[in-house]
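According to the working numbering, the sequence shown holds residues 3 to 167 in order. Working notes, beginning with the structure itself.
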Amino acid sequence: AKVSEGAWSYMAFVVKPEEAVLWMNDGTNSFLTSVTNRMTHKPLAPGANGAEFCLGADTGGLLEKVATNFRGEMDEWAVFDRALSEEEVRQQFRAAWYAELPPSPSEPPTLRYQWKDGVLILTRTGGILYELDHPGGSLTPVPGAVSPRKIVPSGKQSFYVVVSD
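In structure tokens form, the structure reads like this:
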């Protein structure tokens with residue numbers, strides 16, 4: 003997955019003796035992908051044999067000479083004393099992803115009208131269609147109001163409004 007600049011992204015790196023798995027999303031959706039390195043990984047605790055604790059870079063061995071260092075900013079990271087399971091990684095991701103997203107604003111319903119061949123055609127997106135006999139009058143739901151709604155003038159003055167569900 004490609005990380006989008008300026009977008010929130012989730013990454014989890016799980017290392018076990020038999021494999022290392024990198025989980026991430028690209029910041030544009032709620033889909034989590036992974037890639038697995040099936041090489042053996044010798045457990046090495048921070049501070050053991052002079053090893054340093056480091057996030058985002060390789061501090062020893064052949065890879066230290068290759069440009070593998072992370073470039074960017076990290077925020078809200080955690081280190082666990084054990085390898086997380088796939089389900090635990092997914093739970094962490096869901097908790098972070100849904101806490102990070104602002105609530106979706108509900109789209110206000112719209113009401114459009116068109117005169118065609120002496121018929122009023124009301125087209126709405128969402129909401130409930132109401133009829134009023136005068137501005138400020140009582141709202142009466144229009145029964146069976148599918149969109150578009152065709153109304154043949156009957157000589158009676160009517161007003162129409164759409165209200166959110």
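Built from N, CA and C at the ideal position, the CB exists for glycine as well. A quick note: this is a predicted structure, and the numbers were derived from the prediction, not measured.
With H, G and I counted as helix, E and B as strand and the rest as coil, what does DSSP make of ALA80? Residue state, collapsed to three classes: coil.
Can you list, in chain order, the residues of its chain whose CB lies under 6 Å from that of TYR149, leaving out five sequence neighbours each side? Per the sequence shown, residue 149 should be read as Ser rather than Tyr. For SER149, where only same-chain residues beyond five positions count, the Cβ hits under 6 Å are THR125, ARG126.
Report all residues from its chain with a CB closer than 6 Å to the CB of ARG151; omit the five preceding and five following residues, and keep chain order. The beta carbon of ARG151 sits closer than 6 Å to the beta carbons of LEU124 from its chain, once the five residues preceding and following it are set aside; these are given in chain order.
Does the segment 78-92 come within contact of the segment 5-21, defined as at least 3 CB pairs closer than 8 Å? The segment 78-92 vs the segment 5-21: in contact.
Same chain, Cβ closer than 6 Å to VAL37, five either side skipped, listed in chain order: Once the five neighbours on either side are set aside, the close Cβ partners of VAL37 are LEU24.
Residue range of the beta strand (DSSP E) that LYS152 falls in? For LYS152, the enclosing beta strand (DSSP E) has its first and last residue at 151-153.
Which residue's Cα is closest to the Cα of TYR162: LEU131, GLN116, ARG96? The shortest Cα separation from TYR162 among LEU131, GLN116, ARG96 belongs to LEU131.
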